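For this note's numbering, count along the sequence shown from 1 and bump the result up by 60.
Step one of this worksheet: look at the structure below.
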Amino acid sequence: MVTTRGVQIAALFMRGVETAMFANEACGAPIVWELTCPWLFFDGKLFHTKLLKSSANKPLRELCDGQV
Numbered sequence: 061m062v063t064t065r066g067v068q069i070a071a072l073f074m075r076g077v078e079t080a081m082f083a084n085e086a087c088g089a090p091i092v093w094e095l096t097c098p099w100l101f102f103d104g105k106l107f108h109t110k111l112l113k114s115s116a117n118k119p120l121r122e123l124c125d126g127q128v
């Protein structure tokens with residue numbers, strides 16, 4: 061199930077990533093482009109799953125898959 065709130069938060073995060081990529085390019089790309097590609101570090105489905113679990117008041121250990 062996809063919620064409006066999840067889509068809005070993910071879009072806000074991606075807007076921040078885009079701004080950071082723009083700042084990186086403006087500074088002469090001190091961080092290589094391949095490391096700034098959002099598809100390498102952001103998984104929308106995983107983000108939404110974790111958001112739904114946190115909205116259901118699941119314990120932190122479950123949200124972090126036992127890696128606390």
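In this text, a Cβ means the ideal position worked out from N, Cα and C, and glycines have one as well.
Predicted model only: the values in this text are computed from it and were never measured.
Residue 110 versus 77, 98 and 124, residue with shortest Cα-Cα distance:
Position 50 of the sequence shown holds residue 110. Residue 110 has its Cα closest to that of 124, out of 77, 98 and 124.
Measuring only the C-alpha atoms, how far is residue 69 from residue 120?
In the sequence shown, the residue the question calls residue 69 occupies position 9. In the sequence shown, the residue the question calls residue 120 occupies position 60. Spanning the two alpha carbons is a distance of roughly 20 Å.
By the DSSP assignment, the alpha helix (DSSP H) with residue 104 in it spans what residues?
Walking along the sequence shown from the start, residue 104 turns up at place 44. First-last of the alpha helix (DSSP H) with residue 104: 104-115.
Quick one: what does DSSP say residue 68 is sitting in, helix, strand or coil?
Translated into positions along the sequence shown, residue 68 becomes position 8. In this structure, residue 68 counts as helix in the three-state DSSP scheme.
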